[in-house]
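24 is the number of the first residue of the sequence shown in our numbering; add one for each residue after it.
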Amino acid sequence: MSFETLESIRANKKIVFTNGCFDILHRGHVAYLNDAREQGDLLVVGVNSDASVKRLKGEDRPINNELDRKFMLENLKAVDFVFVFEEDTPYELIKKIQPDVLVKGGDWKVEDIVGHDIVAMKGGVTKSLRFEDGYSTTGLINQVQGRS
């Protein structure tokens with residue numbers, strides 16, 4: 024869906040935003056996205072572009088390309104909108120969306136979450152949600168490669 028669609032339905036809705044690479048979708052991601060959705064009326068997910076994932080995670084990543092990752096996220100019942108962003112952080116996307124609630128996984132301190140200043144300026148909240156231990160894309164890759 025487009026920014027225009029989001030704008031047309033956002034009236035009187037609490038918009039929740041999160042972001043990530045979501046390279047190999049796993050249980051931890053789904054549990055986290057379900058928790059994120061419970062924070063408001065619409066869940067918007069920013070997903071790093073392939074070039075951004077490479078810069079952040081290394082030349083061997085992403086495993087799944089940005090269109091496949093976007094498709095997978097769009098087809099989760101908790102997710103309402105998915106936007107791919109090219110930068111290393113979703114700061115510009117957050118400025119454009121102006122969410123009411125900004126969330127990241129529990130391994131993030133609220134003050135370190137990119138965009139918390141934007142959300143605070145409009146009277147919104149930033150939250151660090153619970154982290155489901157034992158689930159990570161890097162862990163899955165290591166396990167498949169026999170490095171666990």
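Note that CB positions come from ideal geometry on N, CA and C, so glycine has one too. Every value quoted in this text rests on a predicted model; they were computed, and no experiment measured them.
Which residues DSSP lists as bridging residue i, in chain order
i      : result
Gly69  : Asn42 and Phe106
Val53  : Paired residues: none, contrary to the question.
Val148 : Val124
Exposure of residue i, with buried meaning 16 or more beta-carbon neighbours within 10 Å
i     : result
Phe94 : exposed
Phe26 : exposed
Cutoff 8 Å; reference residue i; Cβ partners in own chain excluding five residues on either side
i      : result
Gly147 : Pro122, Asp123, Val124 and Leu125
Best match in the options for proximity to residue i [C-alpha to C-alpha]
i      : options                        : result
Glu89  : Asp83, Val133 and Phe106       : Phe106
Val52  : Asp111, Gly128 and Thr112      : As written in the sequence, residue 52 is His, which differs from the Val given in the question. Checked all of Asp111, Gly128 and Thr112; the closest Cα to His52 is Gly128.
Lys11  : Lys36, Val68 and Leu116        : No answer is possible for residue 11: the residues shown for the chain start at 24 and end at 171.
Gln62  : Ile47, Pro85 and Lys37         : Lys37
Arg78  : Thr112, Arg153 and Asn57       : Thr112
Phe104 : Ala34, Asn42, Asn35 and Gly169 : Asn42
Val172 : Leu116, Lys119 and Arg153      : Residue coverage of the chain in this structure runs from 24 to 171, which leaves residue 172 outside it and unanswerable.
Neighbourhood of residue i by C-beta, 6 Å cutoff - its chain only, sequence neighbours within 5 removed
i     : result
Cys44 : Asn71 and Val76
Sequence-distant residues of the same chain with beta carbon closer than 7 Å to residue i, five excluded per side
i     : result
Ala74 : Glu109
Arg84 : Asp46, Val76 and Lys77
Ordered list of beta strand (DSSP E) runs contained in the region 81-134, each at least 3 residues: Correct list: 104-108 and 124-127.
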